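Each residue of the sequence shown is one higher than the one before, counting from 541 in the working numbering. Comments concern the structure below.
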Amino acid sequence: MVQFKNIEDLGALSNKRVLIRADLNVPMGTDEDGNPIVSDDTRIRSVAPTILHLLEKGARVMVMSHFGRPKGQVVPEMSLEQLAQPLANVIKKAVVFINDCSGDLVAETIDAMEDDAVLLLENVRFHPGEESNDADFAQALADNADFYVNEAFSCSHRAHASTEGIAHLIPSAAGLALEKELSSLENALGDPKRPLCAVVGGAKVSSKLDVLTNLVEKVDHLIIGGGMANTFLAAQGVAVGASLCEHDLADTARTILTKAADQNCTIHLPTDLVVAKEFKAGADNRIIGLDDVAADEMILDVGPASIDGLADMLKSCKTLIWNGPMGAFEIAPFDAATVALAKAAGSLTEKGSLVSVAGGGDTVAALNHAGVAGQFSHISTAGGAFLEWMEGKELPGVKVLEK
Ligand code: AMP
541 MVQFKNIEDL
551 GALSNKRVLI
561 RADLNVPMGT
571 DEDGNPIVSD
581 DTRIRSVAPT
591 ILHLLEKGAR
601 VMVMSHFGRP
611 KGQVVPEMSL
621 EQLAQPLANV
631 IKKAVVFIND
641 CSGDLVAETI
651 DAMEDDAVLL
661 LENVRFHPGE
671 ESNDADFAQA
681 LADNADFYVN
691 EAFSCSHRAH
701 ASTEGIAHLI
711 PSAAGLALEK
721 ELSSLENALG
731 DPKRPLCAVV
741 GGAKVSSKLD
751 VLTNLVEKVD
761 HLIIGGGMAN
771 TFLAAQGVAV
781 GASLCEHDLA
791 DTARTILTKA
801 ADQNCTIHLP
811 TDLVVAKEFK
821 AGADNRIIGL
831 DDVAADEMIL
841 DVGPASIDGL
851 ADMLKSCKTL
861 IWNGPMGAFE
871 IAPFDAATVA
881 LAKAAGSLTE
891 KGSLVSVAGG
901 GDTVAALNHA
911 GVAGQFSHIS
921 TAGGAFLEWM
931 EGKELPGVKV
941 LEK
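Structure (structure tokens):
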């Protein structure tokens, strides 16, 4: 099992300057007066325990992040200044903001700061060297810190100066949330208890081709749901009517099925379907077998008999990885399969027979909708990084923290 450097490994922290890479790229909305406000502070809350832990150990804490896509230029609307108060509200400590992330001003401010306050630095992506992982820029970030802590899993699939370059230059560690995330992911795909099952759903095969290709080599059971199941069914000769379907990927789908058979990976496609003529909430719908889709009907969900079978099969599994909904879960009643399978997985996890890890934006929304997010062993809110991990790719910001 791969081990990662953690905060303990950094040693004594008293009076040490620790630079945390957070992901404060939070969704924003506006208040009644039209002022920008944070509409979901999950990412701020996830970095809070690490900040408070470091302060408790007597460290001088600096936080850096990107915000938006300023592309190496100063874009005032993307200043991290607007995150200073929301961060202070969460950690209940004073937050000082300065309008740069490297250079003398950072050094002077952190040295002069009161104990127990946190220094928030300006958007790292205001510098062109951030995304190009420029060695001089990484060095400039490192110059003002004794230690580096990565608490931004969602950014760790990018080799940027603040996620990868800096970690080569000063002693580095995974923050508390990243440490938990990595050990959960390692338990799920690195060194899992078997049988291991993956659920891959969502709209299109084309967006998850690498995920499917990697998983058939690693998992014992692969459940394919959502729109992408239509592509697999069509590739096997099922008429899918007006369904979302990538007919041009029929050969690819067949190759994946053959590869799975070679690898002893059992693929589970739906055996019954929920179809409707309209893509809207409450649309008239039918539950049918595979050979009964009319030309003007769309497959919008996996059928109940399939889900019963899958829930039963899950009882024999020890580990589950989940990305993507089983159907058009945003519109009832086409959320039924996603909700039922999520509930089955949640309850097996609560009983202790299943380790369940899920991730990706829509998946988190689907599990929240099913009311089972709290029952899963681990839910990753990282989108791109979680998918790249499911694709079996090395995440540069994580790799650099390996022991
Ligand atoms: P993804 O981002 O690839 O995980 O896709 C999620 C989206 O796939 C959601 O918006 C779902 O509504 C959509 N989806 C899932 N199943 C179907 C289906 N059978 N037909 C059309 N869209 C679907």
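Note that beta-carbon positions come from the ideal geometry of N, C-alpha and C, so glycine has one too. Keep in mind it's a predicted model, so treat the numbers as computed, not measured.
Residue burial classification, residue i (beta-carbon count within 10 angstroms, cutoff 16)
i, result
"D841", "buried"
"F819", "exposed"
"D580", "exposed"
"N908", "exposed"
"E704", "buried"
"A775", "buried"
"K933", "exposed"
"H667", "buried"
"A834", "exposed"
"S783", "buried"
"E786", "buried"
"E572", "exposed"
"G669", "buried"
Contacts around residue i, its chain only, beta-carbon distance under 6 Å, and the 5 residues preceding and following it disregarded
i, result
"D686", "K556, R557"
"N684", "V646, A647"
"F874", "L840, D841, G867, A868"
"S642", "A680, L681"
"D640", "E662"
"F968", "Because the chain here runs from 541 to 943, residue 968 falls outside it and cannot be looked at."
"I871", "A821"
"A599", "L553, K556, V558"
"A913", "L907, I919"
Cβ pair residue i, residue j closer than 9 Å
i, j, result
"L935", "S696", "yes"
"Q915", "G937", "no"
"R665", "R609", "yes"
"A906", "F869", "yes"
"L553", "L592", "no"
"M568", "G730", "no"
"I828", "L716", "no"
"I650", "V603", "no"
"G849", "L813", "no"
"L789", "L941", "no"
"G899", "T878", "no"
"L722", "A713", "no"
"V745", "A800", "no"
"T590", "V689", "yes"
Closest by C-alpha distance to residue i, when choosing among the options
i, options, result
"N825", "L789, D831, V833, A816", "A816"
"A769", "S893, E670, S846", "S846"
"V566", "P626, D832, N546, P616", "P626"
"L493", "S896, A779, K748, D836", "As displayed, the chain neither begins before 541 nor continues past 943, which places residue 493 out of reach and without an answer."
"K733", "K633, G923, V897", "V897"
"D831", "A779, K943, I650", "A779"
"W862", "L941, K943, G766", "G766"
"K633", "K611, V614, E596", "E596"
"S911", "A882, I919, G899, S746", "According to the sequence displayed, residue 911 carries Gly and not Ser. Comparing Cα-Cα distances from G911 to each of A882, I919, G899, S746, the minimum goes to A882."
"V635", "V658, A738, A922", "V658"
"D852", "A884, A913, N575, T590", "A884"
"S893", "G900, T878, G924, L860", "L860"
"L888", "G900, S917, A877", "S917"
"M838", "C737, G781, I807", "G781"
Close beta carbons around residue i, own chain, < 7 Å, minus the five adjacent residues each side
i, result
"D563", "R583, S605, A692, S694, C695"
"P735", "D760, H761, S856, C857, K858"
"D674", "A701"
"D902", "G742, G864, P865"
"L809", "I764, A769, F772, L773"
"E931", "D750, V751, N754"
"P711", "L550, F687"
"W929", "L725, L935"
"I796", "L752, T753, V756"
"N727", "V895"
"L709", "A678, Q679, A682"
"K545", "S712, A713, A714, L941, K943"
Same chain, Cβ closer than 8 Å to residue i, five either side skipped, listed in chain order
i, result
"A588", "V630, I631"
"S619", "F607, N639, E662, N663"
"M653", "R600, V636, L659"
Near the ligand NAD: residue i beta-carbon under 8 Å from a heavy atom
i, result
"D902", "In the structure on display, the ligand NAD does not appear, and the ligands it does have are the ligand AMP."
Ignoring anything shorter than 4 residues or poking outside the stretch 813-877, list the alpha helix (DSSP H) runs there in chain order. 844-854
Mind listing, in chain order, the continuous alpha helix (DSSP H) runs of no fewer than 4 residues lying wholly within the stretch 582-657? 582-596, 624-631, 644-652
Quick one: which unbroken beta strand (DSSP E) runs of 3-plus residues sit fully inside the stretch 677-744? Chain order, please. 687-690, 712-714, 736-740
Runs of 4 residues minimum, wholly inside the stretch 744-823: which ones carry the alpha helix (DSSP H) assignment? 749-758, 766-775, 790-802
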